[in-house]
Amino acid sequence: MSTEPYIVLSAILFTIGCVGVLTRRNAIVVFMCVELMLNASNLALVTFAKANGNLEGQVGAFFVMVVAAAEVVVGLAIIMTIFRTRRSASVDDASLLKY
Amino acid sequence: MIEFSKPVIGYAEVWPMLLVFGVACAGVLVEAFAPRRVRYATQVLLALVGLAAAFVGTVMIGLDLNETAGGAAKGGITAEGAIVVDGPAIFLWGLILLIAVGGLLLFAERELEGGVSAFAGQAAALPGTEAEREASTRGLDHTEVFPLMMFAVGGMMLFPASNDLLTMFVALEVLSLPLYLLSGLARRRRLLSQEAALKYFLLGAFSSGFFIYGIALVYGYAGTMEFGGINEAISNNTGNRTLLLAGMGLISVGLLFKVGAAPFQAWTPDVYQGAPTAVTGFMAAATKVAAFGALMRLYYVAFGNERWSWQPMLWVIAILTMLVGALLAIAQSDIKRMLAYSSVAHTGFLLTGVLGAQSASELSSGEITSLQAVLFYLVTYGFMTLGAFAIVSMVRDAGGETNHLSRWAGLGKESPIVAGIFAFFLLSMAGIPLTAGFTGKWAVFAVAMSAGAWPVVVVAVLTSALAAFFYVRVIVLMYFADPVGAGPSVTLPSVLTAVTIALGVAATLLLGIVPGPVLDLAAHAGEFIR
Amino acid sequence: MSVLPMLAPLAAEGAEHVPVVDPSSADGVFTLMWVVIALPLAGAAILLLGGRLTDAWGHLLGCLTVVGSFAISLAMFVSLIGRADDDRQVSQHLYDWISVGGFKVGADLLYDPLSALFLLLITGVGGLIHIYSIGYMAHDERRRRFFGYLNLFVAAMLVLVLAENYLLLFLGWEGVGLASYLLIGFWQYKPSAAAAAKKAFVINRVGDMGMSLAIMLIFVTFGTISFTGVSEAAGGAKESTLTAIGLLLLLGACGKSAQVPLQAWLLDAMEGPTPVSALIHAATMVTAGVYLIVRSNFIFDRAPDAQTAVIAVAVVTLLWGAIIGTSKDDIKKVLAGSTMSQIGYMMLGAGLGIAGYAFAIFHLLNHGFFKANMFLGAGSVMHAMDDDVDMRHYGALSKMLPITFLTFLMGYLAIIGFPGFSGFWSKDKIIETAFVDSVWIGILATIGAGITGFYMTRLMLMTFFTQKRWEEHVHPHESPKVMTFPLIVLAALSVLGGIMLLNDWIVDFLAPVVGTPVHHETEVPPIVITLIILAVVAAGVATAWFTIGRSEVPRVAPTQVSVFTRAARNDLYGDAINDTLVVRPGTHVVHGLTTFDKSVVDGAVMGQASATGGLAQVFRRWQNGFVRSYALSLLGGAILVVLALLVVNLG
Amino acid sequence: MIDFPWLTTLIVVPLVGAVVTAFLPSRPGAALPKQLALLFTTLTLAAAVGTATQYDTGAGMQLTETHTWIEAFGASYAVGVDGIALTLVLLTSLLVPLVVLASWNDADTRNTKAFFALMLALEGLALAVFLAQDVLLFYVVFEATLIPAYFLIGGFGGENRARAAVKFLLYMLAGGLIMLASVVGLYALSASQGEPSYLISNLAQLDIGTVEGRWLFLGFFIAFAIKAPMFPVHTWLPDTTAAATPGTSVLLICVLDKIGTYGMLRFCLGLFPEASDWATPVVVVMALISIVYGALLAIGQDNMLRLIGLTSLSHFGFIVLGIFVLNSQGLSGATLYMFNHGLSTAALFLIAGYLIHRRGTPLISAQGGVEKVAPVLAGTFLVAGLATLGLPGLSPFISEFLVLVGGFSHAWWVGAIAVSGIVLAAIYVLLMYQRTMTGPVQPGVETVVDLNRREVGAIAPILLAMVLVGFFPQPLLDVINPAIETTMTTVGVQDEPPTVPAGTQAEEDHQ
């Protein structure tokens, strides 16, 4: 079995995530795109685990999921406060700190 | 079928780190169950005792380390290969814990704000609302900052001690997540603080996306996540090199982001400015220590055999970082942003030390090693940064801290001691001899020069000159300029901040004049265990 | 050795042997050599550092030290004459002055016939002028300091003539320059005096540059700068080197002796008190250039081109000074022009080589007598005329100031070369020797003598004869005895100076130093030349008599005058030339450089600094606060990192 | 007594003094810090004299003390003294007490104790610089001197002091950091050839390749050229002297700047002989430009302090010239020149400072006729000026002439260009004297009072020293010469023999 298609897929997912971070204004969406990048990594990890014939990659994928969950907790908390203060979830509105 | 056996953790080696995590968890419990009026005292005491105990433990473990690898290194790998407790790890632990103590004291400071801490009374309350006003009149404190900080410290300890990519990733997240939150908890200028937290969080998450994808690729190349295994795979030259290089690059992005190297430095000024000053000081010092420890372990151990390909990359990054840091600092008018860029420049100097890695056979006896130089620099950097930010937190007016440089004019007349100490830190950062900054700089330049990276050293020297300009500008402002309006005032802090500053001054002075013991300690730490 | 063929023609030409300085160690009275210098030096130190404590008796001490030196000089002179011809060089080693590598300079003194004569001149004439000054400066509240400076001068001048090497000579050389600076600017509250002092020093420094370079070249060539060592080795050096040394020394001599092109300071130097003009700017210091050339005979004798240059400078100067003298109304400036001209004669003598050295020194001594005499006389006149120096305000003073007039008359007769008077013997000898060298030089020198006759007669007439043109409130009176006594002594010397030529005494006396001249026959008998000179001088005197003595002298100088008069009044445009060629371009250069320094040199650095600041401001804008653009830079960085890795690997 | 640590004492006494002065409480203008400063600087002078009595002229580097300092860097606390160092130590320890005396009232309205404490600190560090026998130690104290200097300029100067202080510091730091690259390079080189060591004696044994040597040389040289200073990196100099108090200027120009030329002598020649030889043509030309350029600029100045600063540019040109013509007259002359320039320029600065203090302006055009009202001030100023212009009989002449001889021996045109400096010096000194001291008394000048005893006391020793050394330079030269011979041996050069040596001729004549 060739791993190539999986890796390509994961790369495409990663790229989509990347582009999403760069283009979307809504903080939640931006954050979801980051999650997409993490999941692209998960796919790659699992693929390589299969190819390498050991479990480390799969274990890794689990860890990533846990970490992602933790990130969500923290991230949403921050985004929520910002939203409550500014009545906006646009990341472009938060640009007081500059130069 | 693999027979299940109980994993061996090696508590004897890693207990200080576990203790810190334990204290963090206990802190959460205190927050949940202790009555509000005792929470502050309990939390501070708990954290302080925890850090102190961890530090003592670190020292004891350090004294006990066994020599391995023919005496070149000390310590061993434990926790099923996930954690390595070797000389450099212990050294970094000790350093992180000391900085954490200093940071903790700053966190606990309540004199400056008139009886409350620098953190938001109630983070969930909207700025300018009744709820917030009530929280502030009632003198509410977020004592959660202490457990959060302990989690971060725990992550920082794990970061440079991790022996595989996955542990490193987890450590990275454990240290980062609490910091994201802490950045957003300022009592004053809430909007800026929250914005800092958001930016830090989004960019941090984005970079960890790169980091984990890089891990995946390297895993794909080497078939293992263990550093030793990766190194072996590289020397055997099996697998697809493109995977390795791309993976290495992406992992580097995650780490370079954490240390604030250009072109990944964009978050530093904004976050340093927006975050509460105590957090900035702690974060600037401790994160850099932990991240450089991890960076070096990754490059020296996992990619040790690939040195010739990452060294040129680091040349570029180091040069870029120093230039960006020094150049942009010139244009700053906010003291915290200026210190942020200065910290970027310091990252560049540290990278200069990192890229000066040479194999043992290339070094002559008694010659300073790259690891030794960087460790030493981290010590000097950590203390002076912590001290400098502590001073920043003391210069205030009615609206809280006055971070705009123009408000610092004439500080030398107003408060000669504070100005003098700050000038001393600035001179140290500028690398004037007889301060720790100089010895640190010398060390990293020397190893880079030995490794033949003279162009980097030349750039480093030139940017040092450039950097001197903005440090000197602040001194001029403090001493030779007349105050504008009412002038700055210095709020006398409690003994907590004073101790931190004293620690910083003492370290900066001693390491400038007699750096020998610390250098020897760094040398004594030996190499990383492969 | 390659020098032998070069020496051969010299030897063939005659027995003109260039003597070597080979002194014996000082004994007997000669051990007091250093005291000659030390006395006036101590006097200067006491007077200058002692402050007001010494006001009361300072002038007496000043005179005593110089008279003391004169006494020792006389004793040494007597002792020297008592020695054999070849034993008349004595040296005294005081201490090691400078010793670095091969550069070894001792504080060594050399006493030989040349120094002996100078010693007598300096301390003798100097002593007289000191005495004269007691009266002349009686009313100056800073008289003590004046004597301090005079003592300093005497000490420095003595160092100059007693030095055994070029560097010690240079010490004295600069010392007299300093004294000259201090004394010209003695009344320094007058801006003109202060400016004149500075001008003198600076122009002298140009000469010193030549002198310094000469010393360096001598050292590089011979590895020593002592007269002993150089005179011994000079024969071995290349002629071109010796010519270069000679020309550089000449430059030094031009500065100190006010020879063209470094002549411009001397006329301004008359701003100093008159005794200063007499001592420094007539009798002694300005003749140091002649001394230098005569002292360096071992170099010039082997560098004919340098000698030619000396002659050229001398001839130009003797005419230049004389011409200036014809049109000045300031009595001191006439005398200054005359001094310049007379030194030209001495230089001419020195430039003529072995044949002329002795006559140059002879004329130098005579000039020292008669010019000091006349300057002091002029001072006496000024004393009488309330310090007015304009001859157009004088007239008919011969009756009022009989002693001054008579003594001045002696000086006058001496300088125009009236037969029997000192100047006659010495000037005649120089012109005669010049004719041997070249008819043209002889003719030019003779013309100079004629002009001398003219301007000195003009001076005499305007001052002592013709009608009174005094300012109101001026009541001329003869000077006190303390001033007339020196005048009388000097007048006597002016008359009798010629004695030194009896039996060619001075020529023989100086032979151990400058060599024995071979007698050359001129194409016409010497007496004819003498008669021609006398005729020319008489013509000059007559012209003066007819143009000035027979007509009314206007009290205000006429402005409608010929081009020549105007040129002469303007010092032949010497200052204008300096101004155009040096001062003004120099000022422009200085201003230009100042601007250049500020805008280009400092501007480059400062500009770089502000450019960096500007660059920082530009880059600062990149930090625009938008988190998405930060993310973009992060992505860019990631790509950069990966590309860098790939490039290193694949490239 | 043999093992008495003379040199450490020299360094420590002023530093202790600095600490004591700084921490004893006192009000601005109080006498205590001044007296303390005078006491400690005098003690230092005593220690310097003691060192000189212990010094054995023939014994090379001596009174050495070596202790390991930072083992990892190969650095030691190593001090020692040879003829060159002793000359500069004597100069420093002589000048500082006099500067303290002359600056007695300069900081009365400001932080008096800080002023004198900084002076003491500067003295201690400067002495350490001259005595250091370890490159890192040298570098550390070399850079550390900047801090007290910086605060002395910026904290106590006149108009534009902050700007001048920053300019000064940045110039110096730029130079120092460039040098740091070379210092670090030396470490790398030393480590690559065995145990790393920063001891000069060990570094001199290194086998330095031509290319490396030249680069390292450049790093050192640029720093020293900025320090000295030389054209075209001199522009900090007039700005600094114009803004600093005259006492500070003396410390900066007469003591600290000597580090530049001392460094060239000790490090450029001592460690990189090949590169020094290689650089000679360029350096000599730069030195010549400095001589003429500095003097010309000085002529055009109207500010006395700027003027004196610029004269130093010219003088440093002479010193550098002397060093790089690489012959004994040049080198010994340059060393002596450092000493003499220190004396003469100090005198000029201090006396000009007296006048400026009285008149309240440094502008030459605002003076005139001072001689009439303050003859002692004018007289001492004239003597100092004459020394500066190199009048024989005063010490600077000796060294200037030696340097000129050295230059001429190197190449005749070098001597010929350099000698023009003596004319230009006469112009700038006498022009300044003429405009300030002579002529009619200008309005405002008539109230100028003559020097008081303290002021004369601060100047008199300098003038006396100049006269003494002018007539008897040999004791000092005897100290300098052996060290210079050692340096020449290191560089591997010898004096050119004269073309027609005297003495040989006589022998041939006899044959």
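Heads up: the protein sequence lines correspond to chains R, A, S and L, in order.
Residue numbers for the first sequence follow the working numbering, beginning at 2 and rising by one.
Residue numbers for the second sequence follow the working numbering, beginning at 2 and rising by one.
Residue numbers for the third sequence follow the working numbering, beginning at 287 and rising by one.
Residue numbers for the fourth sequence follow the working numbering, beginning at 968 and rising by one.
Glycine included, each C-beta is placed from N, C-alpha and C at the ideal position.
Given the structure is predicted, the values throughout are model-derived calculations rather than measurements.
Rounded separation between residue i and residue j - CA only
| i | j | result |
| --- | --- | --- |
| A/ALA468 | L/PHE1439 | 49 Å |
| A/TYR273 | A/PHE350 | 19 Å |
| S/GLU299 | S/ASP587 | Residue confidence is low: S/GLU299 scores 43 on pLDDT, short of 50, so the model does not pin down where it sits. No coordinate-derived value is stated. |
| A/THR348 | A/LEU204 | 18 Å |
| L/LEU1166 | A/ALA524 | 22 Å |
| S/VAL934 | S/VAL928 | 10 Å |
| S/LEU454 | L/ASP1174 | 46 Å |
| L/ARG1325 | L/VAL1415 | 6 Å |
| L/ARG1273 | S/LEU533 | 38 Å |
| R/VAL9 | R/PHE15 | 10 Å |
Opening and closing residue of the beta strand (DSSP E) in which residue i lies
| i | result |
| --- | --- |
| L/LEU1094 | Not the beta strand (DSSP E): L/LEU1094 falls in the alpha helix (DSSP H), residues 1079 to 1098. |
| S/TRP383 | 376 to 386 |
| L/GLN1029 | 1029 to 1037 |
Neighbour list for residue i in chain A, Cβ cutoff strictly below 8 Å
| i | result |
| --- | --- |
| L/SER1159 | SER365, SER451 |
Exposure label - residue i; buried when at least 16 CB within 10 Å
| i | result |
| --- | --- |
| S/LYS657 | buried |
| L/ASN1072 | exposed |
| S/SER478 | exposed |
| L/LEU1077 | The question names Leu, but residue 1077 of chain L is Arg in the sequence shown. Flag for L/ARG1077 reads exposed. |
| S/MET423 | buried |
| L/LEU977 | buried |
| S/TYR577 | buried |
Unbroken alpha helix (DSSP H) run spanning residue i, endpoints
| i | result |
| --- | --- |
| S/LEU405 | 399 to 422 |
| S/ASP723 | 708 to 723 |
| A/LYS337 | 336 to 355 |
Contacts that residue i makes with chain L (C-beta to C-beta distance below 7 Å)
| i | result |
| --- | --- |
| A/VAL419 | Near A/VAL419 there are no residues of chain L at all, since even the closest Cβ is about 16 Å away, more than 7 Å. |
Within chain S, partners of residue i - CB distance below 8 Å
| i | result |
| --- | --- |
| A/TRP311 | LEU931 |
| A/MET314 | VAL927, ALA930, LEU931, VAL934 |
9 Å Cβ cut-off: residues of chain A touching residue i
| i | result |
| --- | --- |
| S/PHE905 | VAL325, LEU328, LEU329, ALA332 |
Under 8 Å from the C-beta of residue i: neighbouring residues of chain R
| i | result |
| --- | --- |
| A/GLU174 | VAL68, ALA71, GLU72 |
Chain R contact residues for residue i, given Cβ-Cβ distances below 9 Å
| i | result |
| --- | --- |
| S/VAL875 | What S/VAL875 touches in chain R: nothing, since even the nearest Cβ is about 47 Å away. |
Margin query: Quick check: the region 1194 to 1204 of chain L against the region 1155 to 1172 of chain L, are at least 3 beta-carbon pairs closer than 8 Å?
Written below: no
Checklist line | Given 8 Å, three or more beta-carbon pairs between the region 97 to 115 of chain A and the region 389 to 404 of chain A | finding: yes
Margin query: Counting beta carbon pairs with one atom in the region 418 to 426 of chain A and one in the region 118 to 137 of chain A, are three or more of them shorter than 8 Å?
Written below: no
Notebook entry, point to check: Is there contact between the region 491 to 511 of chain A and the region 98 to 107 of chain A, where contact requires at least three CB pairs shorter than 8 Å?
Noted result: yes
Item checked: the region 323 to 343 of chain A in contact with the region 976 to 996 of chain L per 3-pair CB rule at 8 Å -> no
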